[in-house]
Amino acid sequence: FEAKWDHASTLKKVIDAVKDLIGDTSWDCTNTGMSLQSMDSSHVALVHVLLKSEGFESYRCDRNVSMGISLNSMAKVLKCAGNDDSVTLRHESESSVVNFAFESHKEERVSEFELKLMNIDTEHLGIPETEYDSIIKMPSADLRRTCADLSQFGDSVTISCAKSDVRFETSGDIGTGNVRLSARGSSDKPETEIAIEMINPVSLTFALKYLNFFTKAAPLSDTVKLCMSNNHPLCVEFPMPEVGYIRYYLAPKIDE
Amino acid sequence: GPVQGRMEDYFKAI
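As you go down the protein sequences, you meet chains G and Y in turn. Start counting the first sequence at 6; every next residue gets the next number (my numbering). Start counting the second sequence at 110; every next residue gets the next number (my numbering).
Spelled out as structure tokens, the structure:
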């Protein structure tokens, strides 16, 4: 297995976006790309990352391999790469290590690191194809700000989607808060658009703690998609055009 | 209050 990115910045951001939520995980490498699927330790959230082979500068995977890696260690290794350095990952069949090579574009500096692989029993869940009742596309910075703001007031947020607006509400010991975002088009700046596709109205409650973990992916993507159906996990997707995506799933809080 | 659901309540292991 050998994969090369032209710039380290995307991989650094991907790892930063998921490491605090899932810790140790397995990267599944096939000839179509690298992916991981992992739940957080309390099995409330699930992360699915796909890095498509087309998104790499060069990519080769002769035999499918599952590489168990501590994401905190991977973040440490990637700290040694400059944002504009190229990154090459190498793993030989049966080897218990993965190699990272970073090269500056002027080629005057090359650094190499070897990371020990871990034995990780990952439990994969089948994610069913779902026709969601409501899909909201919005700037990722708006979601990050909304979740951070409401976290000051409560632990949970109720997200309600009606025809042309989406409402985030919370309440706690010191008071209550809500943020309403209305659909807005923008032909010249599509990344600032708020688009609401509602087949059925939805209202679901989620733990803000996890949503705040998810919005760590905001630096990867200007836009985010919230896909919701009543009594179904929320899907928060950060698309990376040409490269792949990070999708986070979060189980709702349910009234007993 | 509401109870936190778990991923396995919705998605099955494969």
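For glycine and all other residues, C-beta sits at the position ideal for the given N, C-alpha and C. These numbers were taken from a predicted model, which means no experiment stands behind them.
Considering only their Cβ atoms, is the gap separating I123/Y from L255/G smaller than 8 angstroms?
Not a contact, by the Cβ cut-off of 8 angstroms.
I want to see whether chain Y comes within less than 8 angstroms of H129/G, judged by CB atoms only; does it?
At least one chain Y Cβ lies under 8 angstroms of H129/G.
Helix, strand or coil for R149/G, going by three-state DSSP, please let me know.
DSSP places R149/G in helix when its eight states are reduced to three.
When we look at the beta-carbon of S46/G and count the other beta-carbons within 10 Å, is it buried (16 or more) or exposed?
Exposed, because fewer than 16 other Cβ atoms sit within 10 Å of the Cβ of S46/G.
Go through its chain and collect everything with a Cβ distance to S226/G's Cβ below 7 angstroms, but skip five positions before and after it.
Same-chain partners within the cutoff: S145, F243, P244 and M245.
Which residue marks the beginning of the alpha helix (DSSP H) containing S14/G, and which one marks its end?
Here the alpha helix (DSSP H) through S14/G covers S14 to I27.
From the DSSP output, read off the bridge partner residues of V102/G.
Paired residues: K121/G.
Name the chain Y residues whose beta carbon is nearer than 7 angstroms to that of E261/G?
Going along chain Y in sequence order, the residues near E261/G (Cβ under 7 angstroms) are V112.
Give the secondary structure of N3/G by DSSP, where H, G and I count as helix, E and B as strand, and everything else as coil.
For residue 3/G there is no data in the structure shown, the boundaries of chain G being 6 and 261.
Would you decide whether F258/G is buried or exposed? Buried here means 16 or more other CB atoms lie within 10 Å of its CB.
The displayed chain sequence assigns Lys, not Phe, to residue 258/G. Buried, by the Cβ-count rule.
Identify the contact partners of Y254/G in chain Y, using a Cβ-Cβ distance below 9 angstroms as the criterion.
Ordered by position in chain Y, the residues that pass the 9 angstroms Cβ test against Y254/G are M116, Y119 and F120.
Listed in chain order, which residues of the stretch 130–144 of chain G have Cβ atoms closer than 9 angstroms to some Cβ of chain Y?
Listed in sequence order: L130, G131, I132 and P133.
Report the option in W10/G, K24/G, N104/G and H12/G whose CA atom is closest to the CA atom of F218/G.
That would be K24/G, whose Cα lies nearest to the Cα of F218/G.
Quick one: Cα of G177/G to Cα of S156/G, how far?
The straight-line gap from Cα to Cα measures roughly 9 angstroms.
In the DSSP assignment, find the beta strand (DSSP E) that holds F218/G and state where it starts and stops.
It is not in any beta strand (DSSP E) - F218/G instead sits in the alpha helix (DSSP H) that spans L213 to F219.
If distances are taken between C-alpha atoms only, which option among N236/G, I251/G and Y250/G comes closest to D118/Y?
Per the Cα distances, N236/G.
Can you find the residues in the same chain that come closer than 6 angstroms, C-beta to C-beta, to R95/G, ignoring five residues on each side of it along the sequence?
Result list for R95/G: E7 and N104, in chain order.
Determine the DSSP secondary structure at A80/G, reduced to helix, strand or coil.
In the structure shown, A80/G sits in a helix (DSSP, three-state: H, G or I).
Alpha carbon to alpha carbon, how far is G182/G from T175/G?
Each residue's alpha carbon lies about 5 angstroms from the other.
DSSP three-state call for P224/G: helix, strand or coil?
Residue state, collapsed to three classes: helix.
P244/G lies in the beta strand (DSSP E); which residues open and close that run?
L239 to M245 is the extent of the beta strand (DSSP E) around P244/G.
List, in chain order, every chain Y residue whose beta-carbon is nearer than 8 angstroms to that of H48/G.
Under the 8 angstroms cutoff, chain Y gives R115, M116 and E117.
Rounded to whole angstroms, what's the CA-CA distance from T127/G to S192/G? Just pull it up for me.
Roughly 43 angstroms separates the two Cα atoms.
Starting from the C-beta of A106/G, find all residues in its chain whose C-beta is less than 6 angstroms away, skip the five residues before and the five after it, and write them out in chain order.
Excluding sequence neighbours, A106/G sits near T93 and E117.
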